[in-house]
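In what follows, a structure is listed as structure tokens, so that the remarks can point back to it.
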Amino acid sequence: MTTVPSTASTTLRKTIAICAAGHSVGTGVHVVRPDDSVLHCTTLAALLRNVSEHSVDLVVLAGPAHSDERTVAAVRLSVSSAALLVLRPTAAPGLHRDPVLNAWLAREPESPEQFASLISELLDDDPAEASVDDPASVSRVITRASIAHTRLTQALDQLWMAFQPVVSVRERRVCAYEALLRTRSEEFSSPLALLHEASRLDRIWDVSRTVRGQVAGECSSVPSDAIVLVNLHVSDLFDDSLLDERNPLLPMASSVVFEVTEQASIRCADEIPDRVRLLRERGFRIAVDDLGAGYSALSVLAELEPEIVKVDMSIIRDIDRSLTKQRVIRSIVHLALDLGSTVICEGVETERERDALIALGCDWLQGYWFARPTRGFVDVPSARFGEAT
Ligand code: G
Ligand code: MN
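Under this note's numbering, think of the first position of the sequence shown as 39, with each following residue one higher.
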């Protein structure tokens with residue numbers, strides 16, 4: 039439970055002064071007001087004037103100012119009417135871009151309860167930690183949220199795309215590339231860890247927009263007879279910037295297939311087909327990803343009528359040794375043929391898996407056997423396709 043203050047805090051406003059000397063925030067003092075406008079002043083004296091003129095409630099000292107104890111002490115003395123929060127320098131870059139903080143600033147709490155709940159929104163894991171009676175707890179909350187956001191923002195700056203070929207064994211060529219997220223950031227051990235954090239901070243759209251920008255930037259080097267598969271998170275379907283000129287992939291929509299994972303149909307199932315239709319109207323095609331991974335199964339095919347169906351690698355693994363898996367693939371191929379969808383089998387790792395899939399009538403294959411995801415658009419050595427027929 040968030041501690042709700044009894045009386046005094048009814049007068050708390052959300053005006054916050056962010057002082058940052060140096061760093062990417064810019065030199066000087068920013069007074070961020072509830073209407074989102076920012077006053078920029080270059081001296082400590084100007085900050086102090088603004089604190090009293092604008093009834094600032096919370097002063098955030100960010101950037102190298104933190105290490106300057108004299109500044110901190112001066113501010114602490116002069117802004118006794120406001121809570122003072124000193125951010126660790128690592129949290130300072132990008133603070134002014136912190137979407138949570140900014141969204142928070144843009145909203146006007148009408149009661150202490152609302153203020154407390156706004157604070158708890160900043161807290162992802164334990165809302166019980168913050169109390170507006172205790173500036174230090176608010177400070178901890180904002181610091182943590184801000185550090186997490188900054189880390190993610192930095193990881194997005196270091197994001198790059200790997201591409202993995204999808205081959206047609208019949209045509210003995212690469213017919214598609216799947217774009218896969220990679221980051222150089224040391225903060226995240228894997229792309230999944232980055233996605234998990236983005237989801238926790240409600241910033242999946244940021245990740246996906248960055249991905250679309252990167253993929254679009256590389257599109258001129260895609261071989262002209264290949265399409266590009268781009269993974270979508272289910273929440274991306276509800277990002278309007280996917281549908282208009284803000285989507286840098288729009289000019290090449292006819293070569294782009296968005297992969298929607300099968301799990302997507304579980305949540306907000308009602309609206310998904312509509313959003314998918316809007317994507318199609320703009321020329322994009324749709325793939326259902328990870329089919330058979332264990333979620334909602336086949337109903338998603340009827341709902342989305344995907345141009346491409348990607349069979350999850352859990353079914354492909356050791357398919358040469360499992361009659362049951364072979365039966366599953368046989369019926370998926372049959373069904374896809376009926377529905378007019380192309381099947382891609384993912385995660386083909388061995389020659390035997392490849393041959394079993396070819397024998398079952400599969401044509402489009404993807405996996406380490408052919409090529410690992412790498413920078414750029416690599417070709418697949420002819421030997422990997424097997425004997426020419
Ligand atoms: O969910 P999705 O199909 O988008 O996941 C693709 C992931 O699978 C990528 O991270 C990619 O690196 C990985 N991958 C691609 N081919 C293979 C493969 O042959 N074996 C395994 N184990 N992983 C693969
Ligand atoms: Mn995929």
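Every residue, glycine too, gets a C-beta built ideally from N, C-alpha and C.
Original post:
Rounded to a whole number of angstroms, what is the C-alpha to C-alpha distance between residue 288 and residue 266?
Top reply: 13 Å
Original post:
Going by other Cβ atoms of all chains shown within 10 Å of its Cβ, with 16 needed for buried, is residue 405 buried or exposed?
Top reply: For residue 405, the number of other beta carbons within 10 angstroms of its own is at least 16, and it is reported as buried.
**OP:** Using the Cα positions of residue 275 and residue 336, report the straight-line distance between them to the nearest angstrom.
**Re:** 20 Å
Subject >> Classification of residue 426 by the beta-carbon crowding that lies within 10 angstroms, buried from 16 upward >> reply: Exposed, by the Cβ-count rule.
**OP:** Starting from residue 212, follow its DSSP beta bridges and name the residues at the other end.
**Re:** Partner(s): 205.
Original post:
Contact between the stretch 249–267 and the stretch 223–234: three or more CB pairs below 8 Å?
Top reply: no
**OP:** Please list, following the chain, all residues that have a C-beta closer than 5 Å to any non-hydrogen atom of ligand 2.
**Re:** 269, 297, 327
**OP:** Return the residue from the list 233, 354, 318 that minimises the CA-CA distance to residue 430.
**Re:** Since the first residue shown for the chain is 39 and the last is 427, residue 430 is missing from the structure and cannot be characterised.
**OP:** Under 8 Å Cβ to Cβ from residue 202, same chain only, skipping five residues before and after it: list those, please.
**Re:** These residues qualify, in order along the chain: 215, 216, 218, 404, 409, 410, 411, 412.
Original post:
Helix, strand or coil: how does DSSP classify residue 132 here?
Top reply: Annotation note: pLDDT 45 at residue 132 (below 50); position unreliable, no value reported.
Original post:
Cβ-heavy atom distance between residue 351 and ligand 1 below 8 Å?
Top reply: yes
**OP:** Work out the CA separation of residue 269 and residue 73 for me, nearest whole Å.
**Re:** For residue 73, the predicted model reports a pLDDT of 48, less than 50, meaning its position is unreliable and no value from the coordinates is stated.
**OP:** Give the DSSP-derived three-state secondary structure of residue 429 in the structure shown.
**Re:** Residue 429 lies beyond the range of the chain shown here (39 to 427); nothing can be said about it.
Subject >> residue 407, enclosing alpha helix (DSSP H) - first and last residue >> reply: Unbroken run through residue 407: none, as it is neither H nor E.
**OP:** Return the residue from the list 241, 292, 280 that minimises the CA-CA distance to residue 264.
**Re:** With distances taken between Cα atoms, residue 264 lies closest to 292.
Original post:
How would you call residue 380, buried or exposed, if buried means at least 16 neighbouring beta carbons within 10 angstroms?
Top reply: buried
Original post:
From residue 205 to residue 299, what distance separates their C-alpha atoms?
Top reply: 21 Å
**OP:** Quick one: measure Cβ to Cβ for residue 342 and residue 366, integer angstroms, because I've assumed they're closer than 8 Å.
**Re:** In fact, because the Cβ distance is near 20 Å, the residues do not count as touching under 8 Å.
Original post:
Taking three-plus beta-carbon pairs below 8 Å as touching, is the stretch 371–386 in contact with the stretch 237–248?
Top reply: no
Original post:
Quick one: is residue 187 buried, meaning 16 or more other Cβ sit within 10 Å of its Cβ, or exposed?
Top reply: Taking all protein chains shown into account, residue 187 has 16 or more neighbouring C-beta atoms within 10 Å of its C-beta and is therefore buried.
Original post:
How many angstroms separate the CA atom of residue 431 from the CA atom of residue 418?
Top reply: One cannot answer for residue 431 here, as it falls past the ends of the chain, which runs 39 to 427.
**OP:** Could you tell me if residue 208 is buried or exposed, where buried requires 16 or more neighbouring beta carbons within 10 angstroms of its beta carbon?
**Re:** exposed
**OP:** Just tell me which of 402, 414, 407 has its CA closest to the CA of residue 213.
**Re:** 402
Original post:
So residue 243 and residue 195 are in contact, right, with Cβ under 8 Å, and what is the actual spacing, rounded?
Top reply: The pair is not a contact, with the Cβ atoms about 16 Å apart (cut-off 8 Å).
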